[in-house]
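Q: In this note's numbering, the protein residues as written are 4 to 255. To start, I am sharing the structure in question, which I have written as structure tokens.
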């Protein structure tokens with residue numbers, strides 16, 4: 004092992020091994036990723052993503068990084084909102100950069116079409132192909148738990164943001180009550196892998212996704228990581244009782 008262990012579901016693996024393991028998962032699920040999200044969340048993930056876009060409030064002329072943006076569903080929201088603001092009051096086009104480690108996810112997104120403001124790049128959240136202080140906002144949705152070194156990804160987000168830039172992270176998190184945790188665990192471990200097997204013909208990948216959620220830091224622990232990475236006023240908003248959470252901070 005080349006360093007401290009990385010998590011891959013409930014397994015601890017060599018950090019050098021994790022990127023290829025995660026890439027294999029998303030290679031297998033890319034073509035049905037959006038459908039599976041709808042089935043697993045009964046469409047609620049769309050409401051969460053709408054709330055993130057509203058909080059971001061994209062503006063004309065802004066440079067926005069959609070890290071782990073995969074199929075582009077968040078970036079399309081941002082582009083349409085920025086263009087609507089541009090039509091109301093003018094200004095330059097927004098520039099929305101989707102950066103995702105998985106080429107299959109990028110390809111699946113491109114097949115669905117995009118908006119003129121969007122560019123697509125295969126890249127690593129831990130080593131973003133962007134200069135320092137070049138972006139107004141950084142968003143990562145359901146992607147940071149798949150990164151090998153979460154703290155390094157947070158430092159990279161801070162590096163590429165201009166002073167005052169916005170950081171938003173939507174991720175599955177820890178339900179706020181014991182009753183909800185028990186119900187969510189039962190659903191996650193019994194239903195989600197079964198849906199994966201039935202619809203995507205891939206139980207193992209969805210078993211990993213469920214396990215990866217359980218290994219992700221709880222809301223307050225993740226706030227501490229965001230603060231240590233150099234963000235100010237870090238905090239979070241729970242969605243659906245903490246099943247997901249929107250974490251946020253400001254580049255200072």
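Just so you know, even glycine gets a beta-carbon here, dropped at the ideal spot from N, CA and C. Only a predicted model underlies this, so the values are computations on that prediction, with no experimental measurement involved.
(1) Nearest-angstrom Cα distance between residue 40 and residue 230?
(2) Is it true that the CB of residue 166 sits closer than 8 Å to the CB of residue 66?
(3) Drop a sphere of 10 angstroms on the beta-carbon of residue 208, count the other beta-carbons inside from all chains shown, and report buried for 16 or more, exposed for fewer.
(4) What does the Cβ neighbour count give for residue 204, buried or exposed, with the cut at 16 atoms within 10 Å?
(5) Measuring CB atoms only, is the region 27 to 36 touching the region 184 to 193, in the sense that at least three cross pairs come out at less than 8 Å?
(6) Around the C-beta of residue 224, are 16 or more other C-beta atoms found within 10 angstroms, so that it is buried, or is it exposed?
(7) Based on DSSP bridge pairs, tell me the residues matched to residue 239.
(8) Where does residue 174 fall in DSSP's three states?
(9) Taking 7 Å as the limit between beta carbons, can you name the residues of its chain near residue 47, skipping five residues before and five after?
(10) DSSP three-state call for residue 138: helix, strand or coil?
(11) Using only the alpha-carbon positions, how far apart do residue 128 and residue 232 sit?
(12) Between the C-alpha atoms of residue 153 and residue 172, what's the straight-line distance to the nearest angstrom?
(13) Going by DSSP, what residues sit across from residue 164 in a beta bridge?
(14) Between which two residues does the beta strand (DSSP E) holding residue 102 run?
(15) Could you check where the beta strand (DSSP E) with residue 9 kicks off and where it finishes?
A: So, to answer that:
(1) Your numbering for residue 40 matches position 37 in the chain shown. Your numbering for residue 230 matches position 227 in the chain shown. Whole-angstrom Cα-Cα distance: 30 Å.
(2) For the purposes of this step, residue 66 is identified with residue 63 of the chain shown, where counting begins at 1. For the purposes of this step, residue 166 is identified with residue 163 of the chain shown, where counting begins at 1. No, Cβ-Cβ distance for residue 66 and residue 166 is not below 8 Å.
(3) Within the chain shown, the letter at position 205 stands for residue 208. With 16 or more Cβ atoms within 10 Å of its Cβ, residue 208 is classed as buried.
(4) Walking along the chain shown from the start, residue 204 turns up at place 201. So residue 204 ends up on the exposed side.
(5) no
(6) Numbered from 1 along the chain shown, position 221 holds the residue referred to as residue 224. So residue 224 ends up on the exposed side.
(7) Within the chain shown, residue 239 is the residue found at index 236, counting from 1. Answer by DSSP bridge pairing, in chain order: 250.
(8) The residue labelled residue 174 in the question sits at position 171 within the chain shown. The answer is strand: DSSP assigns residue 174 an E or B state.
(9) As a position in the chain shown, residue 47 is number 44, starting the count at 1. Hits under 7 Å: 243.
(10) If you number the chain shown from 1, residue 138 lands on position 135. Correct three-state label for residue 138: strand.
(11) For the purposes of this step, residue 128 is identified with residue 125 of the chain shown, where counting begins at 1. For the purposes of this step, residue 232 is identified with residue 229 of the chain shown, where counting begins at 1. Cα to Cα, the separation comes out at about 14 Å.
(12) By one-based count along the chain shown, residue 153 stands at place 150. By one-based count along the chain shown, residue 172 stands at place 169. Taking the straight line joining both Cα atoms gives about 12 Å.
(13) Position 161 of the chain shown, counted from the start, is the residue given in the question as residue 164. Beta-bridge pairing links residue 164 to 138.
(14) Translated into positions along the chain shown, residue 102 becomes position 99. Residues 98 to 103.
(15) For the purposes of this step, residue 9 is taken as the residue at position 6 of the chain shown. 9 to 11 is the span of the beta strand (DSSP E), which, as asked, contains residue 9.
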